[in-house]
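Number of protein chains: 2
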Amino acid sequence: MTLVPRPVSFAAGEGTVEHGVVETLFVDGPPQGYRLTVSPGGTVIEASDEAGEFYAYQTIRQLIGPDAFRVASIDRTPTMLPVCTIEDYPRFPWRGCMIDVARHFVPKHDLLRYVDLLSVHKLNVLHLHLTDDQGWRFEVKRYPKLTSVGGWRSSSRYGDRRSGGRTGRPHGGFYTQDDLREIFEYARQRHVLVIPEIDVPGHSQAAIAAYPALGVHGGDVWTDWGVNERVLNTEESTVDFYRNVFDELIDVFPSEVIGIGGDEAPGHDGSFVRQIAQHLVRRGRRPYGWDEIVAAGPLPAGTIVASWRGISGGVTAARDGHDVVMCPEEFVYLDYRQSSREDEPIPVGTVTTVEDVYGWEPMPASLTGAEPGRVLGAQANLWTEHLDSPRRLDYAAFPRLAAFAEVVWSPREKDPGFLDRLAAHHLPRLDALGVEYRPLAGPLPWQTMPGVPGFPR
Amino acid sequence: MTLVPRPVSFAAGEGTVEHGVVETLFVDGPPQGYRLTVSPGGTVIEASDEAGEFYAYQTIRQLIGPDAFRVASIDRTPTMLPVCTIEDYPRFPWRGCMIDVARHFVPKHDLLRYVDLLSVHKLNVLHLHLTDDQGWRFEVKRYPKLTSVGGWRSSSRYGDRRSGGRTGRPHGGFYTQDDLREIFEYARQRHVLVIPEIDVPGHSQAAIAAYPALGVHGGDVWTDWGVNERVLNTEESTVDFYRNVFDELIDVFPSEVIGIGGDEAPGHDGSFVRQIAQHLVRRGRRPYGWDEIVAAGPLPAGTIVASWRGISGGVTAARDGHDVVMCPEEFVYLDYRQSSREDEPIPVGTVTTVEDVYGWEPMPASLTGAEPGRVLGAQANLWTEHLDSPRRLDYAAFPRLAAFAEVVWSPREKDPGFLDRLAAHHLPRLDALGVEYRPLAGPLPWQTMPGVPGFPR
Chain A
1 MTLVPRPVSF
11 AAGEGTVEHG
21 VVETLFVDGP
31 PQGYRLTVSP
41 GGTVIEASDE
51 AGEFYAYQTI
61 RQLIGPDAFR
71 VASIDRTPTM
81 LPVCTIEDYP
91 RFPWRGCMID
101 VARHFVPKHD
111 LLRYVDLLSV
121 HKLNVLHLHL
131 TDDQGWRFEV
141 KRYPKLTSVG
151 GWRSSSRYGD
161 RRSGGRTGRP
171 HGGFYTQDDL
181 REIFEYARQR
191 HVLVIPEIDV
201 PGHSQAAIAA
211 YPALGVHGGD
221 VWTDWGVNER
231 VLNTEESTVD
241 FYRNVFDELI
251 DVFPSEVIGI
261 GGDEAPGHDG
271 SFVRQIAQHL
281 VRRGRRPYGW
291 DEIVAAGPLP
301 AGTIVASWRG
311 ISGGVTAARD
321 GHDVVMCPEE
331 FVYLDYRQSS
341 REDEPIPVGT
351 VTTVEDVYGW
361 EPMPASLTGA
371 EPGRVLGAQA
381 NLWTEHLDSP
391 RRLDYAAFPR
401 LAAFAEVVWS
411 PREKDPGFLD
421 RLAAHHLPRL
431 DALGVEYRPL
441 AGPLPWQTMP
451 GVPGFPR
Chain B
1001 MTLVPRPVSF
1011 AAGEGTVEHG
1021 VVETLFVDGP
1031 PQGYRLTVSP
1041 GGTVIEASDE
1051 AGEFYAYQTI
1061 RQLIGPDAFR
1071 VASIDRTPTM
1081 LPVCTIEDYP
1091 RFPWRGCMID
1101 VARHFVPKHD
1111 LLRYVDLLSV
1121 HKLNVLHLHL
1131 TDDQGWRFEV
1141 KRYPKLTSVG
1151 GWRSSSRYGD
1161 RRSGGRTGRP
1171 HGGFYTQDDL
1181 REIFEYARQR
1191 HVLVIPEIDV
1201 PGHSQAAIAA
1211 YPALGVHGGD
1221 VWTDWGVNER
1231 VLNTEESTVD
1241 FYRNVFDELI
1251 DVFPSEVIGI
1261 GGDEAPGHDG
1271 SFVRQIAQHL
1281 VRRGRRPYGW
1291 DEIVAAGPLP
1301 AGTIVASWRG
1311 ISGGVTAARD
1321 GHDVVMCPEE
1331 FVYLDYRQSS
1341 REDEPIPVGT
1351 VTTVEDVYGW
1361 EPMPASLTGA
1371 EPGRVLGAQA
1381 NLWTEHLDSP
1391 RRLDYAAFPR
1401 LAAFAEVVWS
1411 PREKDPGFLD
1421 RLAAHHLPRL
1431 DALGVEYRPL
1441 AGPLPWQTMP
1451 GVPGFPR
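Chains as they are written, first to last, in our numbering: chain A, 1 to 457; chain B, 1001 to 1457.
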């Protein structure tokens, strides 16, 4: 069995058959699920829904072999499929990846490539962290300075904030509203839901630089990393400003779920977050925030919590009756270093190997009764302070994101053969896709960044 | 008329019609040409060949509007086309762009995006400069160190070689043979011919670093820019080595034309180039080299010359009976600075504005009789010493490459309204494509590189 993520069941038959017409039947079954039968009589998909059919096709690509992941054929021989029967459906409905496009802007075409990569791995949520201290990436027609001023910074810290130098090179970029509509629709066609996030009331220095009245201290778009003391003020005019910003965000994104951030906001008492959350609820959306919002006071029903500081925020939220998404930093922060080797580029955070990610169990053991039903799933987070190009993003994301995909899609039991399957069958697919992943043996020479300081924990 | 490049003729009709089924007829006509009729009775393409049909579809995309260049629809209203009749065919058969993937590696997916961008502009040759002193990007199975050693360097000069600092950051990457087969086939489907170049006997320090017996002085993969004194030696074993390298290149690329470089090789007498050229001819291919090869002694019949040091090399070669491609550095070296502004990022070379490119006439006036028939066309060259990312490539290439496309496709007469047409109709297409072009008014703040020295001429 070569598939990643591993299906619920795989029954190998005898030999191979030529790949031809595929017949799809829609049948009752688990959401996003499918049954795939490859036999001399033909290939049949029995899908629960359109997502299930889509995932069956992703499985067929993997069965064909690595070259099925190229954009053009390099081979004229017939395409063969192994005779087999597969039953498959996801363990969790929320199988996500967050990309921080604020710290380093990710051009639209690269983001679209990540949509493709997520869908190859049967992941279905792309959480876009659109704003932070270091840059504002969402065009707001009412407040154009958010991008003309807040959309770029004059320099960046190069490496860790305590000891790194400075690039001296401006960095910026933003998405137009039409760009984001395009990304959303492209992703929707691949059964990936794009969930946007505007982070309030912390991580807002770029907005404050554009409109100083939003803040307390003023200041430029931040050129450093870390938790910023300069947060939004609590004036009614500031809340109103953000109601207008979120109204434009809602207009662009049909997503029911809308991210509001809420993390790392020194000095705030939660009222700002509650007011924005209530505004979203009035507009028929579900607010989605980092686990700090659990302490923000009574949250509107329907609010979703992302548990990143370990699992306790998620456990508390689930017991409070909120849906939760698990993303504890020690397991699924894919900007954290992939090994304890000295040549890991800008090593930060805890060691998070591909085995660590694969070994992680997203469901907190302490949840009982109906509480586990509150766990929608999990997401891996790609913070980009130290990922200054799509090539660096590839290195951080893969192959760990493939391991993560199996964690959230496949049955709970771990496969002791996962690493062998990854190495023998899945890395060649990533090669064909042109993904510049971290080799299991360690970084390639040109993936290292000697002399650029990290801050390993 | 909104099209770029401008068609041979455009007759506007009354009003618009809904875009529906397009009928294609193949008729006799100029190569790569088409006639497009949009009327209330339907849309009809009369194409000379498959390329003509393809270009008609590119024209239809432009007629639809900028959103036709998005990868997913953002609009539910019917797509409308203006009633019109267009006759169109290219002025030159060779409408090229060279990308230097050696100085800075361009990941496969970015190169594929450039194939798309060329085809949007009805350009049909992608010349890949695969090797140079600073990096070897072509997998050679017989000589794996060409990529494992020659495929990366430890650092790069940041800015001009005379005054720039050093990045201290390793840089590298290469394409597998299957990657290049994929790129070739993807491009072929878009009527773009990929022509590979292995540069000999100069610009070979990366190969010498991998296999020191090829050179005279040894040394590492070069971390500087400029003309390198360390060239290949003239041992028979070195010529043999390269025969083997070109044999693998030929195996990967069905292109009749194969680039051999031949430029800037201090101390060489031409025999190396002649031997490699003869080897290619024996293998049924046409050698393609920079204009220095004109002085290399008698070249095999069929050799094509790229005239880059002005036009004289091309004129001489045409008179000698060789086909030529015009690419004089003062007009179509798109790494050269786009204005005399101080904030042009790393300003090098002569000022080459979009107007300069548009105003250029590729056909040397001094050619007479049958000689002009030797001019296959022209290509714009993107050298990447100072273009260290795809975002920088976008800035250098566009919008000048759109002007170049009109130079090589459209009738010789210049359109005084070109810049207005570009600004009003074509830049919005590039926006929709996500191309980070240089705005006509000057660089965006985050496109500048203050403090990184250039060397303006």
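Idealized CB from N, CA, C, for every residue including glycine.
As the structure is a computational prediction, the values presented were derived from the model and not from experiment.
Does residue i have its Cβ less than 7 angstroms from a Cβ in chain B?
i, result
"T448 of chain A", "yes"
"Y395 of chain A", "no"
"P399 of chain A", "no"
"K108 of chain A", "yes"
"R169 of chain A", "yes"
"T454 of chain A", "Correcting the residue type first, residue 454 of chain A is Gly in the shown sequence and not Thr. Taking Cβ atoms only, chain B never reaches closer than 7 angstroms to G454 of chain A, which makes this a no."
"G29 of chain A", "no"
"G52 of chain A", "no"
"G261 of chain A", "no"
"G172 of chain A", "yes"
Give a yes or no on whether the minimum CB-CB distance between residue i and chain A is below 7 angstroms.
i, result
"H1191 of chain B", "no"
"R1337 of chain B", "no"
"R1181 of chain B", "yes"
"E1185 of chain B", "yes"
"D1178 of chain B", "yes"
"R1429 of chain B", "no"
"G1442 of chain B", "no"
"P1445 of chain B", "yes"
"G1451 of chain B", "yes"
"G1434 of chain B", "yes"
"G1313 of chain B", "no"
"G1165 of chain B", "no"
Whose C-beta lies closer than 7 angstroms to the C-beta of residue i among residues of the same chain, with five residues either side of it excluded?
i, result
"W409 of chain A", "P5, P90, R91, R95 and K122"
"T316 of chain A", "V294"
"T277 of chain A", "As written in the sequence, residue 277 of chain A is Ala, which differs from the Thr given in the question. I260, P287, L299, P300 and T303, listed in sequence order."
"R1341 of chain B", "G1442"
"T234 of chain A", "S271 and F272"
I'd like the list of long-range same chain contacts for residue i, defined as Cβ closer than 6 angstroms, with 5 residues on each side in sequence excluded.
i, result
"G1159 of chain B", "I1346, V1452 and P1453"
"E330 of chain A", "T350"
"V38 of chain A", "L81, V83 and C84"
"R1374 of chain B", "A1318, D1323 and V1324"
"T384 of chain A", "D100, R103 and H104"
Have a look at the DSSP bridge pairing and note the partners of residue i.
i, result
"G442 of chain A", "For G442 of chain A, which the question treats as bridged, DSSP gives no partner whatsoever."
"A1432 of chain B", "Note: A1432 of chain B sits in no beta bridge, so no partner."
"E462 of chain A", "Nothing in the structure corresponds to residue 462 of chain A, since chain A is present only between 1 and 457."
"M98 of chain A", "A:H127 and A:N381"
"G1165 of chain B", "B:Y1158"
"D1088 of chain B", "B:Y1034"
"F175 of chain A", "For clarity, residue 175 of chain A is Tyr in the given sequence; the question names Phe instead. Bridge partners of Y175 of chain A: A:F138."
"I258 of chain A", "A:P287"
"A81 of chain A", "Note on residue identity: the sequence assigns Leu, not Ala, to residue 81 of chain A. The partner list for L81 of chain A (beta bridge, DSSP) reads A:V17."
"V305 of chain A", "A:G289 and A:V324"
Who are the near neighbours of residue i in its chain, counting only those whose CB is closer than 8 angstroms to its CB and skipping five residues on each side?
i, result
"A405 of chain A", "V4, P5, R95, H121, K122 and L123"
"G1310 of chain B", "P1328, E1329 and E1330"
"P1170 of chain B", "W1152, R1153, S1154 and S1155"
"W446 of chain A", "none"
"E1050 of chain B", "H1191"
Can you find a heavy atom of the ligand SAM that lies under 6 angstroms from the Cβ of residue i?
i, result
"C97 of chain A", "The ligand SAM is not part of the structure shown, which contains no ligands of any sort."
**OP:** For the segment 56-89 of chain A, enumerate the residues whose C-beta is nearer than 8 angstroms to any C-beta of chain B, in chain order.
**Re:** D67, R70, V71, A72, S73 and I74
Original post:
What residues in the segment 1135-1163 of chain B bring their beta carbon closer than 7 angstroms to a beta carbon of chain A?
Top reply: W1152
Original post:
Unbroken alpha helix (DSSP H) runs of length 4 or more, entirely within the segment 1186-1241 of chain B: which are they?
Top reply: 1205-1210
Original post:
Which ranges would you report for the beta strand (DSSP E) in the segment 317-397 of chain A if only whole runs of at least 3 residues count?
Top reply: Counting whole runs of 3 or more residues, the segment 317-397 of chain A contains the beta strand (DSSP E) stretches 323-326 and 375-382.
Subject >> Members of the segment 364-392 of chain A near chain B, C-beta cut-off 7 angstroms >> reply: Here the close residues are S389 and R391.
**OP:** Compile a chain-ordered list of the residues in the segment 206-230 of chain A whose CB is closer than 8 angstroms to at least one CB of chain B.
**Re:** When C-beta distances to chain B are compared with 8 angstroms, every residue of the segment 206-230 of chain A stays at or above that value.
Subject >> Interface positions of the segment 103-127 of chain A facing chain B (Cβ-Cβ less than 7 angstroms), listed along the chain >> reply: P107, K108, H109, L112 and R113
Subject >> Residues in the segment 1038-1050 of chain B having any Cβ partner in chain A nearer than 9 angstroms >> reply: Look at the segment 1038-1050 of chain B: it has no residue with a C-beta under 9 angstroms from a C-beta of chain A.
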